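Asker: Chains E and C are the protein sequences, given in the same order. Heads up: the first sequence is residues 1 to 257, going by our numbering. Heads up: the second sequence is residues 1001 to 1235, going by our numbering.
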Amino acid sequence: MKLNRSWFTRAGVALFALALLYPFTALFAHVGPWQWGPDVRGPALASIRVSLLLTTFAMVIIVALGTPVAAYIARRRARERVLWQALLLLPILLPPLALGILLTLAFGSYGTVGAWLERYGILMTNSATAFVTTQVYVGMGYYVLGAVAALDAVPTMLQKQAALLGLTPWRVFLRVTLPLSRLGLAVALSIAWVRAIGEFGAVVVTAYYPSGMPVQIWVNLQSFGLPAVMPLLVVFLAVALPLPWLIHVLAQRRRHV
Amino acid sequence: MFSAQILKTRREMKVDVSLQLAPGESVGLFGASGAGKSTVLTCVAGIEEPDDGRVKLGTVQFFPPSLPLHCRPVGYLTQAPDLFPHLTVGENVSFGIPRQLRATKEQTSWIETLRDRLQLGPLWRAPASLISGGQARRVSLARMLARKPPLVLLDEPFAGLDRQLVRELIDDLISWSRALGFSMIAVDHQAEVLRRLCPQRAVVLENGKIVQSGTWEELHKNPATSMLRALLAPL
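Laid out in structure tokens, this is it:
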């Protein structure tokens, strides 16, 4: 009886997964022979390089800035915390295209910060800096909100006990908070990663060049049609999935908890 | 010498307590539930900050200003064991010992003493998240004592342990206190346990105030309040 129920539940989840993956059957749709000639392959490989390299860089910034901010918010009282959470929701609540427009206006040549950065040779449109900046804005809210929940789940008393055992705040974070929240932090990071690497609406406004994979998919669709899009979709899945998946695998190698 | 004057308003109760302990001395804070006993310990440990007062151990001033937790030379055993669930029992016990000291002969021998006296040998490599409540209390006691703190705060340290083990632990704590010279402030609602652990002196709290202090005999002969008389009845 117990076995039957377990198999019934598993079948239900499998059905759910099938429904979730159903759109991927379109990869086998008849769209004509897939194109992977030199004029498609060259820009595609360049876009993969751009996406992987710059998204990784954006994630480093997100983790470095977002983790201490999340740790701060996680220890605030509920009233203050909801205020910070509302602020973090703002950039991710906006339609990506609108966020791209706002970023261009704020950081472009006519904006105060943009004009100031341009004086030092830092271009905030159609540049690697613009690409990374956009991805940071797109992914930061997801990471910090997830990280706040993960850090908040660590019992405060355990951290205080560790401090009373002589550990400095930094070492308490490394030896207690981080190990106990790593699964949640990994989920937050992987969501930020998939959100940033797949971002199109904001990036197409701020950084059409250098083209990342989502922009390249758009370019291929416009220039060559679906036969040039399909191989890039497969490549996109192949290169974008391993990192967040690996983060989950590593985080789940829990020792005893 | 440890001295503390703690003023703390908690919900509707105002805690106002003064304590002094000589090195190696032990004192039992006694009183009914909600009398403010645990608040005194949390204010000394730094888990919460007093509203006013002064807390000092030797030359180290805990408050004011509030000394960071990692700089306070105290061991604090809470009502819940608060073990680190991602570590083994052995790793929990050695947690507060600086890496460079872990391999020294003296430290290794002290850890082995704690392990043997607290019967932790068979559990040493077990995950802390998978041991029983009573075992967890013994582990947290070992973890606190591993650092040999000069002041030990015990908040109902033997809850959930069997009587025989409690007797053995009390004897051990008293002999360790003599050997290492640490002072103890213990809180327990069982007069019998507290009297064995802190035979020299007891301080009785009611509604956040000290209503009586002295030896257990003095308290027993002339209890200041009817509530205290009732609490001391099992002795």
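Where is the CB? At the ideal position from N, CA and C, for every residue including glycine. For clarity, every value in this text was computed on a predicted model and none was experimentally measured.
For residue 1047(C), decide whether its Cβ has a neighbour in chain E, counting only Cβ atoms nearer than 8 Å.
Answerer: Chain E, which has a Cβ nearer than 8 Å to the Cβ of residue 1047(C), makes this yes.
Asker: Examine chain C for any beta-carbon lying closer than 8 Å to the beta-carbon of residue 185(E), and answer yes or no.
Answerer: No, residue 185(E) lies away from the interface with chain C (no Cβ there is under 8 Å from its Cβ).
Asker: Residue 1136(C) and residue 1088(C) - do their beta-carbons sit closer together than 8 Å?
Answerer: Not in contact: residue 1088(C) and residue 1136(C) (Cβ atoms no closer than 8 Å).
Asker: What does the alpha-carbon distance come out to for the pair residue 148(E) and residue 1114(C)?
Answerer: Going by the C-alpha atoms only, they are around 38 Å apart.
Asker: Can you list, in chain order, the residues of the stretch 1066-1098 of chain C whose Cβ is nearer than 8 Å to any Cβ on chain E?
Answerer: The stretch 1066-1098 of chain C vs chain E, Cβ under 8 Å: 1068, 1069, 1070, 1072, 1074, 1075, 1076, 1078, 1080, 1082, 1084, 1085, 1086, 1087, 1088, 1095, 1096 and 1098.
Asker: Does the stretch 160-172 of chain E come into contact with the stretch 1063-1071 of chain C, if we say contact requires no fewer than three beta-carbon pairs (one atom in each stretch) closer than 8 Å?
Answerer: Because the criterion of three Cβ pairs below 8 Å is met, the stretch 160-172 of chain E and the stretch 1063-1071 of chain C touch.
Asker: Any idea if residue 134(E) is buried or exposed, counting beta-carbon neighbours within 10 angstroms, 16 or more meaning buried?
Answerer: Buried, by the Cβ-count rule.
Asker: Would a C-beta distance cut-off of 8 Å place residue 104(E) and residue 206(E) closer than the cut-off?
Answerer: Going by C-beta atoms, residue 104(E) is nearer than 8 Å to residue 206(E).
Asker: Can you name the residues of chain C whose CB is closer than 7 Å to the CB of residue 251(E)?
Answerer: Those within 7 Å of residue 251(E) in chain C number zero; the least Cβ separation is about 12 Å.
Asker: At which residues does the beta strand (DSSP E) containing residue 217(E) begin and terminate?
Answerer: Not the beta strand (DSSP E): residue 217(E) falls in the alpha helix (DSSP H), residues 213-223.
Asker: From what residue to what residue does the alpha helix (DSSP H) around residue 135(E) run?
Answerer: Unbroken alpha helix (DSSP H) run through residue 135(E): 128-152.
Asker: Can you check the stretch 23-88 of chain E for any beta strand (DSSP E) of at least 3 residues that lies completely inside it and give the ranges in chain order?
Answerer: Runs found: none.
Asker: Quick one: residues in its chain with C-beta nearer than 7 Å to the C-beta of residue 115(E), no 5 flanking neighbours on either side, listed in chain order?
Answerer: Closer than 7 Å at the Cβ level, and outside the excluded window around residue 115(E), lie 109.
Asker: Using 8 Å for Cβ pairs, my map puts residue 1057(C) next to residue 1150(C). What's the rounded Cβ distance?
Answerer: The Cβ separation is near 7 Å, so the contact holds.
Asker: Please classify residue 1018(C): does DSSP put it in a helix, a strand, or coil?
Answerer: Reduced to three states, the DSSP call for residue 1018(C) is strand.
Asker: Straight-line CA distance for residue 1099(C) to residue 1182(C)?
Answerer: Approximately 23 Å between the Cα atoms of the pair.
Asker: Could you tell me how far apart the beta carbons of residue 40(E) and residue 228(E) are, in whole angstroms, since I believe they sit closer than 8 Å?
Answerer: Sure, about 5 Å apart at Cβ, within 8 Å.
Asker: Whole angstroms are fine: how far does the CA of residue 1110(C) sit from the CA of residue 1104(C)?
Answerer: Spanning the two alpha carbons is a distance of roughly 10 Å.
Asker: Below 8 Å on the Cβ atoms is my contact criterion, and I expect residue 219(E) with residue 200(E) to pass it. Report the Cβ-Cβ distance as a whole number of Å.
Answerer: Not quite, the Cβ-Cβ distance comes to about 11 Å (not below 8 Å), so this is no contact.
Asker: Residues of chain C with a CB under 7 Å from the CB of residue 168(E): which are they?
Answerer: Per Cβ cutoff of 7 Å: 1070.
Asker: Start and end of the beta strand (DSSP E) containing residue 191(E)?
Answerer: Taken as a continuous stretch (DSSP letters only), residue 191(E) belongs to no beta strand (DSSP E), being part of the alpha helix (DSSP H) at 178-197.
Asker: Which residues in the same chain as residue 1166(C) place their Cβ atom closer than 6 Å to its Cβ, once the five residues preceding and following it in sequence are excluded?
Answerer: Counting only Cβ-Cβ distances below 6 Å, and skipping sequence neighbours, we find 1158.
Asker: Exposed or buried, which one is residue 16(E) when buried takes at least 16 other CB atoms within 10 Å?
Answerer: By the neighbour-count rule (16 or more Cβ atoms within 10 Å), residue 16(E) is not buried but exposed.
Asker: Go to residue 1039(C), then tell me how far its alpha helix (DSSP H) extends in each direction, as first and last residue.
Answerer: Taken as a continuous stretch (DSSP letters only), the alpha helix (DSSP H) holding residue 1039(C) covers 1037-1045.
Asker: Determine the extent of the beta strand (DSSP E) in which residue 1053(C) is found, giving its start and end residues.
Answerer: 1052-1057 is the span of the beta strand (DSSP E), which, as asked, contains residue 1053(C).
Asker: Identify whether residue 20(E) lies in helix, strand or coil by the three-state DSSP scheme.
Answerer: Helix.
Asker: Can you pull the chain E neighbours of residue 1147(C), defined as C-beta to C-beta under 8 Å?
Answerer: Chain E residues near residue 1147(C): 165 and 166.
Asker: CB residue 1024(C) to CB residue 1178(C), shorter than 8 Å?
Answerer: Contact flag set, yes.
Asker: Find out if the Cβ-Cβ distance for the pair residue 1153(C), residue 1074(C) is shorter than 8 Å.
Answerer: The answer is yes: Cβ separation under 8 Å.
Asker: If you measure between the beta carbons of residue 193(E) and residue 243(E), is that distance less than 8 Å?
Answerer: Closer than 8 Å, so yes.
Asker: Rounded to whole angstroms, what is the Cα-Cα separation between residue 27(E) and residue 8(E)?
Answerer: Each residue's Cα considered, the two are about 30 Å apart.
Asker: When you compare only the Cα positions, how much space is there between residue 190(E) and residue 167(E)?
Answerer: Cα to Cα, residue 190(E) sits roughly 30 Å from residue 167(E).
Asker: How many angstroms separate the CA atom of residue 1227(C) from the CA atom of residue 84(E)?
Answerer: So the alpha carbons of these two residues sit roughly 48 Å apart.
Asker: Per DSSP, which one or two residues make a beta bridge with residue 1214(C)?
Answerer: Beta-bridge pairing links residue 1214(C) to 1202(C).
Asker: Can you name, in chain order, every residue of its own chain whose Cβ lies under 7 Å from the Cβ of residue 1140(C), other than the five neighbours on each side?
Answerer: So the qualifying residues of the chain are 1077, 1081, 1082 and 1083.
Asker: Starting from residue 1138(C) and walking both ways along the alpha helix (DSSP H), at which residues does that stretch end?
Answerer: That run of the alpha helix (DSSP H) goes 1133-1146.
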